[in-house]
Structures are given as C-alpha cells and as structure tokens.
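What follows is a single structure, written as structure tokens, with notes after it.
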Amino acid sequence: AVAEMQGEDAAVKAMKYAIEAEKIHAELFGQAKGFVDAGKDLEAKVVQLCPVCGFVTITGEEEACPLCGCKASMFVEY
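Residue numbers (the numbering used here): 1 to 78.
Put into structure tokens, the structure is as follows:
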C-alpha cells in the first residue's frame, strides 16, 4: 500500500511477483510433502527458477514464465 501511494511501481510489481511465486512454491511444497508422507520421491524432470520473479517449475515445459513473461531460456536450472 505504501509503495502504491509513493508511486513506486517497480516495488509494487516486485511484491506482486513475489506473492504469486510464493503461491506456486506452497503448491510445490505440498506436492513434495505428499510424496514424502507416502514414502516416495517427487518426480521432477528439472527444477528451474525464473530470475525475474522467483517462479519455480519442475516440468521443464514452459516456454516463458507465466507470471512475468521472462523467456524460459533465462531460467536458472538446478
């Protein structure tokens, strides 16, 4: 709210990206916990991180970040 009042558009954008990325992180952690609870391993083809907004994917199928539009070729791979 303060960033919006002060016209700090970059800060507003960064916070929106962070909030949306954290929703995805929570979903991935939930999936991982389900596998652990079942005594199994989470099957991930690859783990990729968007350097702009923090979006994480384990499929390796995205062509671009669904949150910020960053090209997948820029993702950091683990």
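All C-beta atoms, glycine included, are put in the ideal place defined by N, C-alpha and C.
Exposed unless 16 or more other CB atoms sit within 10 angstroms - verdict on residue i
| i | result |
| --- | --- |
| T59 | exposed |
| F75 | buried |
| Q103 | Any answer about residue 103 is impossible in this case: the structure gives the chain only from 1 up to 78. |
Residue i versus residue j - alpha carbon distance
| i | j | result |
| --- | --- | --- |
| C68 | Y17 | 7 Å |
| V36 | L42 | 8 Å |
| V2 | A10 | 13 Å |
| H25 | E8 | 26 Å |
| T57 | Q31 | 12 Å |
Spatial neighbours of residue i in its chain, beta-carbon cut-off 8 Å, leaving aside the 5 residues before and after
| i | result |
| --- | --- |
| A72 | Q48, E62, E63, A64, C65 |
Three or more beta-carbon pairs under 8 Å between the region 47-67 and the region 8-26, yes or no?
-> yes
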